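Asker:
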Amino acid sequence: MQQAGEFGIDEARRVLGDVFAPWVQDLNLSIEQFEFTQPPGNAADWQPGAILRMPFSERLCRNGGIVCGQALMAFADTAMVLANLAANKGYRPMTTVDQTTHFMRAVTASDVLADARVVRLGRTMSFGRVTLSSATDNKPVAMVSSAFAMLPG
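Heads up, this note's numbering is the position in the sequence shown plus 46, with the first residue counted as 1.
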């Protein structure tokens with residue numbers, strides 16, 4: 047694990063480029079924000095996490111130009127790995143145990159933003175939530191809850 051002084055968004059971008067499968071990298075995700083230290087003021091509701099962007103692409107759409115649910119779920123899963131990176135202040139091998147997605151409305155012709163937050167980080171498990179929003183109007187398109195097992199090594 048890196049020391050907090052050496053850790054930050056550059057490390058998160060490195061992990062995004064080095065750790066994920068090539069087809070996930072083909073989503074062209076970018077990290078907009080990366081929060082691993084609590085801001086001044088001790089906000090009681092603050093949670094470590096990350097905000098990622100998935101650019102719109104026709105390749106991610108099903109009939110009717112709607113971004114497919116499979117792409118949105120993969121995006122949310124990837125965003126939670128980065129949120130866990132923030133909470134752990136370094137990369138730990140992990141695997142998804144559970145992911146529940148509630149789709150709220152369709153996304154068409156818009157980038158999608160993922161606001162991923164770690165709600166609880168334990169020694170062996172992590173629990174989180176992701177809000178997926180249309181970048182065009184910032185309205186939610188899906189809510190995702192997930193659990194990850196932290197792996198040795």
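From the three backbone atoms N, C-alpha and C, an ideal C-beta is built for every residue, glycine too.
Note that this is a predicted model, so its numbers are computed, not measured.
Below 7 Å between beta carbons: does that hold for Ser179 and Leu159?
Answerer: Closer than 7 Å, so yes.
Asker: Helix, strand or coil for Ala67 per DSSP?
Answerer: Coil, per DSSP.
Asker: Alpha carbon to alpha carbon, how far is Glu78 from Asp144? Give it in angstroms, no decimals.
Answerer: Taking the straight line from one Cα to the other gives about 25 Å.
Asker: I'd like the span of the alpha helix (DSSP H) that includes Val153, first residue to last.
Answerer: Unbroken run through Val153: none, as it is neither H nor E.
Asker: Can you list, in chain order, the stretches of the beta strand (DSSP E) that have 3 or more residues and sit fully within the stretch 91-151?
Answerer: Here the runs fully enclosed are 95-100 and 140-149.
Asker: Which word fits Ala152, buried or exposed, when buried means at least 16 other C-beta atoms lie within 10 angstroms of its C-beta?
Answerer: By the neighbour-count rule (16 or more Cβ atoms within 10 Å), Ala152 is not buried but exposed.
Asker: Compute the Euclidean distance between the alpha carbons of Ser191 and Val113, then round it to the nearest angstrom.
Answerer: So the two alpha carbons sit approximately 20 Å from each other.
Asker: Just the Cα atoms here: how many angstroms apart are Arg163 and Phe102?
Answerer: Computed Cα separation, rounded: 23 Å.
Asker: According to DSSP, is Arg163 helix, strand or coil?
Answerer: In the structure shown, Arg163 sits in a strand (DSSP, three-state: E or B).
Asker: Could you tell me which of Ala122, Gly110 and Val187 sits nearest to Leu73, measuring between CA atoms?
Answerer: Closest by alpha carbon: Ala122.
Asker: Please determine, among Asn109, Asp161 and Glu57, the residue with the shortest C-alpha to C-alpha distance to Asn184.
Answerer: Nearest of Asn109, Asp161 and Glu57 to Asn184, Cα basis: Asp161.
Asker: Can you have a look at Ala120 and say buried or exposed, based on whether 16 or more other CB atoms are within 10 angstroms of its CB?
Answerer: The residue in question, Ala120, is buried, as its Cβ has 16 or more Cβ neighbours within 10 Å.
Asker: With the cut-off set at 7 Å, would you say Ala188 and Met126 are in Cβ contact?
Answerer: Not in contact: Ala188 and Met126 (Cβ atoms no closer than 7 Å).
Asker: Do you know offhand how far Lys135's Cα is from Gln84's?
Answerer: Approximately 12 Å, taken between the alpha carbons.
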